[in-house]
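Notes for the one structure printed next.
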Amino acid sequence: MTTTAIDSASQNDKNSVLDSGRNSELGEMQQQVLPLALVHGEAMVEKPLDLFIPPDALEVILEAFEGPLDLLLYLIRKQKFDIVDLPVAEITHQYMEYVDVMKSLKLELAAEYLVMAAILAEIKSRLLLPKTTVDDEEDDPRAELIRRLQEYEIIKRAAEDIDELPRLERDVHLPNVDLPESYKPRVVEAQVDLQDLVLAMQGVLKRVEAFQHHHIQRENLSTRERMSQILAKLKPGQFVEFSDLFLLEEGRAGVVVTFLAILELIKESLVECVQSQVFGHIQVKSV
Amino acid sequence: MNHNQQLKNLIESMLFVADGPLSIKAIQTTLEDDTALTRKQLQAIISELQLDYAERGVNLIEVASGFRFQAANEHADQIALLWKEKAPRYTRAMLETLSLIAYRQPITRGEIEDIRGVSVSSYIIKTLQERNWVKVVGHKEVPGRPALLATTEEFLDYFSLKSLAELPELMPVSEINLDTEQVDEQLETAEA
Amino acid sequence: MNHNQQLKNLIESMLFVADGPLSIKAIQTTLEDDTALTRKQLQAIISELQLDYAERGVNLIEVASGFRFQAANEHADQIALLWKEKAPRYTRAMLETLSLIAYRQPITRGEIEDIRGVSVSSYIIKTLQERNWVKVVGHKEVPGRPALLATTEEFLDYFSLKSLAELPELMPVSEINLDTEQVDEQLETAEA
Numbered sequence: 000m001t002t003t004a005i006d007s008a009s010q011n012d013k014n015s016v017l018d019s020g021r022n023s024e025l026g027e028m029q030q031q032v033l034p035l036a037l038v039h040g041e042a043m044v045e046k047p048l049d050l051f052i053p054p055d056a057l058e059v060i061l062e063a064f065e066g067p068l069d070l071l072l073y074l075i076r077k078q079k080f081d082i083v084d085l086p087v088a089e090i091t092h093q094y095m096e097y098v099d100v101m102k103s104l105k106l107e108l109a110a111e112y113l114v115m116a117a118i119l120a121e122i123k124s125r126l127l128l129p130k131t132t133v134d135d136e137e138d139d140p141r142a143e144l145i146r147r148l149q150e151y152e153i154i155k156r157a158a159e160d161i162d163e164l165p166r167l168e169r170d171v172h173l174p175n176v177d178l179p180e181s182y183k184p185r186v187v188e189a190q191v192d193l194q195d196l197v198l199a200m201q202g203v204l205k206r207v208e209a210f211q212h213h214h215i216q217r218e219n220l221s222t223r224e225r226m227s228q229i230l231a232k233l234k235p236g237q238f239v240e241f242s243d244l245f246l247l248e249e250g251r252a253g254v255v256v257t258f259l260a261i262l263e264l265i266k267e268s269l270v271e272c273v274q275s276q277v278f279g280h281i282q283v284k285s286v
Numbered sequence: 000m001n002h003n004q005q006l007k008n009l010i011e012s013m014l015f016v017a018d019g020p021l022s023i024k025a026i027q028t029t030l031e032d033d034t035a036l037t038r039k040q041l042q043a044i045i046s047e048l049q050l051d052y053a054e055r056g057v058n059l060i061e062v063a064s065g066f067r068f069q070a071a072n073e074h075a076d077q078i079a080l081l082w083k084e085k086a087p088r089y090t091r092a093m094l095e096t097l098s099l100i101a102y103r104q105p106i107t108r109g110e111i112e113d114i115r116g117v118s119v120s121s122y123i124i125k126t127l128q129e130r131n132w133v134k135v136v137g138h139k140e141v142p143g144r145p146a147l148l149a150t151t152e153e154f155l156d157y158f159s160l161k162s163l164a165e166l167p168e169l170m171p172v173s174e175i176n177l178d179t180e181q182v183d184e185q186l187e188t189a190e191a
Numbered sequence: 000m001n002h003n004q005q006l007k008n009l010i011e012s013m014l015f016v017a018d019g020p021l022s023i024k025a026i027q028t029t030l031e032d033d034t035a036l037t038r039k040q041l042q043a044i045i046s047e048l049q050l051d052y053a054e055r056g057v058n059l060i061e062v063a064s065g066f067r068f069q070a071a072n073e074h075a076d077q078i079a080l081l082w083k084e085k086a087p088r089y090t091r092a093m094l095e096t097l098s099l100i101a102y103r104q105p106i107t108r109g110e111i112e113d114i115r116g117v118s119v120s121s122y123i124i125k126t127l128q129e130r131n132w133v134k135v136v137g138h139k140e141v142p143g144r145p146a147l148l149a150t151t152e153e154f155l156d157y158f159s160l161k162s163l164a165e166l167p168e169l170m171p172v173s174e175i176n177l178d179t180e181q182v183d184e185q186l187e188t189a190e191a
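The following block contains the structure:
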């Protein structure tokens with residue numbers, strides 16, 4: 000199904016096609032359609048015979064229906080039937096012709112169309128049966144179908160009305176006004192609960208305790224002791240070579256203790272380290 | 000410029016710059032740090048703005064979720080010229096499904112299928128939901144607990160409606176007449 | 000409404016609705032089928048519009064590529080309220096730093112680093128200062144004269160405290176029966 004096919008069957012063609020369809024000569028047409036159906040393209044629209052429906056055009060027409068109710072409404076309209084006094088036999092006949100054409104065109108025939116065919120057949124057969132009860136409206140086998148047709152018709156119109164409403168994009172245009180260049184978005188600050196704060200502090204304290212515990216056990220005492228020794232070595236205002244503070248004979252462990260002690264002293268602002276030039280000697284003095 | 004004038008200007012700016020319609024409540028919330036504006040005062044300012052713009056190239060109108068400026072109706076065609084892109088068209092299946100949800104809400108997909116006589120594709124429901132026109136408002140207490148569909152404020156906004164009551168009235172059953180003129184028209188619009 | 004008024008309204012609509020600034024040329028091109036508007040006439044209409052909007056919430060301004068409406072400058076800040084950007088939640092590092100300043104003030108950044116065992120980024124201190132929760136109250140008389148940090152009145156106001164004495168008492172460490180995992184968890188959710 001291509002758009003070229005739609006284009007090739009002009010609007011007028013389609014209307015005349017429908018009229019011929021209404022003439023209920025579809026059975027005959029099918030016979031003519033069949034050989035032509037093998038040929039695609041221009042051949043089908045080249046010389047339309049009187050009752051000939053180009054298959055592609057018919058396909059378009061049939062696809063224009065939203066379903067069996069829509070098709071039935073179309074048939075009723077076309078024949079000027081009264082919806083409340085539906086001639087079921089006739090409408091069924093026409094409906095089946097369309098369904099047959101759909102089949103012959105190997106259209107993906109939706110199950111709904113066949114269900115409707117069955118409903119129509121059932122109504123028809125019930126109407127043919129001799130009436131056993133009083134003929135009131137409730138008992139009319141057509142009543143349910145008519146109700147459905149009416150309900151569908153109402154919604155079909157409503158959809159058309161909604162389509163007509165002015166709508167954004169198509170009919171309603173919104174202004175597109177920018178903020179000045181100077182605009183800066185205002186940031187909404189994060190929410191903080193007092194609880195978060197207390198929890199954070201508890202966390203810090205707990206970590207600090209664990210940390211201290213660890214150090215006290217391992218080296219804190221020796222470091223503290225070494226700190227005092229270093230301070231004792233330093234005279235106020237006098238620089239001492241950084242390397243002089245280490246006693247190599249103490250070995251690796253002793254060097255580490257001294258180093259930690261110096262760091263601790265610096266941290267507590269008790270001593271000051273000075274390096275006058277890059278890679279030069281580091282001088283230490285007490286504050 | 001006095002204080003009132005400034006406030007009016009500010010609200011005017013906000014309405015112009017906002018991404019969508021602004022409700023009285025939204026304006027109040029935005030301004031609450033700076034002004035103690037009552038709903039009534041705000042309403043008065045908006046009425047004034049509506050009057051100011053009544054005869055201009057843009058109008059201040061009310062839709063379901065609030066107030067918005069929009070280009071005056073009479074210029075719509077010419078304004079459309081500014082855009083090469085065509086507005087999206089919606090298929091009959093889509094519009095009929097939307098209509099059923101709008102007029103018969105809350106409604107299940109099965110109920111829509113019963114009335115239309117054909118199955119409703121998931122694509123249609125998905126598209127309507129993605130456009131934020133339709134949302135699930137609950138589930139029907141029947142086997143399978145199917146979703147109950149309803150329209151949203153965005154749906155009303157899109158069609159410039161304040162409420163569902165403003166939807167076009169449904170045709171009364173008695174008026175279903177069968178004039179033939181409509182028949183060919185239907186096919187033409189469906190094919191177009 | 001006379002013809003001129005209508006034309007002015009149309010141009011006003013176009014300027015409002017356009018995706019970007021519109022040049023005189025662009026307006027002329029869009030309108031040329033309907034009106035034979037000279038450049039000069041168009042210029043006059045635009046000047047008139049600029050005057051109409053001079054004192055309003057939106058102004059018609061000229062930029063390099065043409066004319067466009069934009070929100071009046073003086074309202075930018077308040078309009079910006081409509082676009083509240085949410086700041087990320089505070090990280091654990093931020094909360095710990097703030098709690099140390101609150102409970103151990105006045106305190107230097109170095110001291111905070113010592114207690115926390117990790118360095119405190121300048122960003123954290125800056126953020127807390129920008130929020131007006133933390134301020135420098137002096138300098139410690141040690142080399143480098145590091146700033147002594149303390150909390151502000153705004154900090155107390157935010158947490159509805161009358162004074163620092165109202166800060167919740169900290170449990171002695173030995174009584175913290177939350178195992179560390181729980182604390183971490185809580186902090187992580189706070190950070191999330």
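Chains as they are written, first to last, in numbering that gives the first Met the number 0: chain X, 0 to 286; chain Z, 0 to 191; chain G, 0 to 191. From the three backbone atoms N, C-alpha and C, an ideal C-beta is built for every residue, glycine too.
Gly66 of chain X: not part of any beta strand (DSSP E); DSSP gives it neither H nor E.
Residue-level contact check: Val87 of chain X does not touch chain Z, since none of the beta carbons of chain Z fall below 8 Å from its beta carbon. Scanning chain G for C-beta atoms nearer than 8 Å to the C-beta of Glu11 of chain Z yields Arg55, Gly56, Val57, reported in chain order. By a beta-carbon distance limit of 8 Å, Tyr102 of chain G does not contact Leu160 of chain G. Their separation comes to about 13 Å. Rounded to the nearest whole angstrom, the C-alpha separation of Asp18 of chain G and Leu178 of chain X is 14 Å. Here Arg67 of chain Z is not near Glu95 of chain Z, since their CB atoms are 8 Å or more apart. What Arg115 of chain G touches in chain X, judged by beta-carbon distance under 7 Å, is Val203, going in chain order. In the DSSP assignment, Asn58 of chain G falls within the beta strand (DSSP E) that extends over 57-62. Counting only runs of 4+ residues, the alpha helix (DSSP H) found wholly inside the region 122-168 of chain Z occupies 152-157, in chain order. Interface with chain G (8 Å Cβ-Cβ cutoff): Asn8 of chain Z is included.
The continuous alpha helix (DSSP H) containing Gln77 of chain Z extends over residues 75-79.
Across the region 158-171 of chain Z, CB contacts with chain X closer than 8 Å involve Phe158, Ser159, Leu160, Leu166, Pro167, Leu169, Met170, in sequence order along the chain. Beta-bridge pairing by DSSP links Gln69 of chain Z to Z:Asn58. Among the bridge pairs identified by DSSP, Glu240 of chain X is matched with X:Gln282. Ser98 of chain Z places its beta carbon 8 Å or farther from that of Ile145 of chain X. The beta-carbon of Ser98 of chain G is placed less than 8 Å from the nearest beta-carbon of chain X. Scanning chain X for C-beta atoms nearer than 7 Å to the C-beta of Glu61 of chain G yields nothing, as the closest lies near 14 Å away. Fewer than three Cβ pairs drawn from the region 31-50 of chain Z and the region 131-143 of chain Z lie within less than 8 Å of each other, which leaves the two stretches out of contact. Under the DSSP definition of a beta bridge, Ile106 of chain Z partners with Z:Leu148. Going by DSSP, Gln40 of chain Z is part of no beta strand (DSSP E) but of the alpha helix (DSSP H) stretching over 38-51.
Counting of Cβ neighbours within 10 angstroms places Leu246 of chain X among the exposed residues, the total staying below 16. With respect to the 8 Å criterion, Leu119 of chain X and Val87 of chain X are classified as neighbours on the basis of their beta carbons. With a cut-off of 8 Å on Cβ pairs, the region 224-233 of chain X is not in contact with the region 118-131 of chain G, counting fewer than three such pairs. Taking C-beta atoms under 8 Å as the contact rule, Leu59 of chain Z and Tyr52 of chain Z qualify, at a distance of about 5 Å. Distance from the Cα of Leu68 of chain X is smallest, within the candidate group X:Lys102, X:Leu104, X:Ala110, for X:Ala110.
Leu164 of chain X carries a coil assignment under DSSP once its states are collapsed to helix, strand and coil.
Glu271 of chain X: member of the beta strand (DSSP E) spanning 270-274, first to last residue. In this structure the region 1-20 of chain Z does not lie against the region 251-263 of chain X, because fewer than three pairs of beta carbons, one per stretch, are closer than 8 Å. Residues of the region 68-92 of chain Z that bring their beta carbon within less than 7 Å of a beta carbon in chain G comprise Ala70, Ala71, His74, Gln77, Ile78, Leu80, Leu81, in sequence order. Secondary structure at Asp139 of chain X: coil, using DSSP grouped into helix, strand and coil. No Cβ-Cβ contact shorter than 8 Å links Leu113 of chain X with Tyr94 of chain X. Annotated as proximal: Leu147 of chain G and Lys139 of chain G, with beta-carbon spacing under 8 Å. Here the alpha carbons of Arg88 of chain Z and Phe158 of chain Z stand approximately 14 Å from one another. Measuring C-alpha to C-alpha distances from Val57 of chain G to each of X:Asn175, X:Ile261, X:Val286, X:Val203 identifies X:Asn175 as the nearest. For Tyr52 of chain Z, the closest Cβ of chain X is not nearer than 8 Å.
For Gln5 of chain Z, the enclosing alpha helix (DSSP H) covers residues 2-16.
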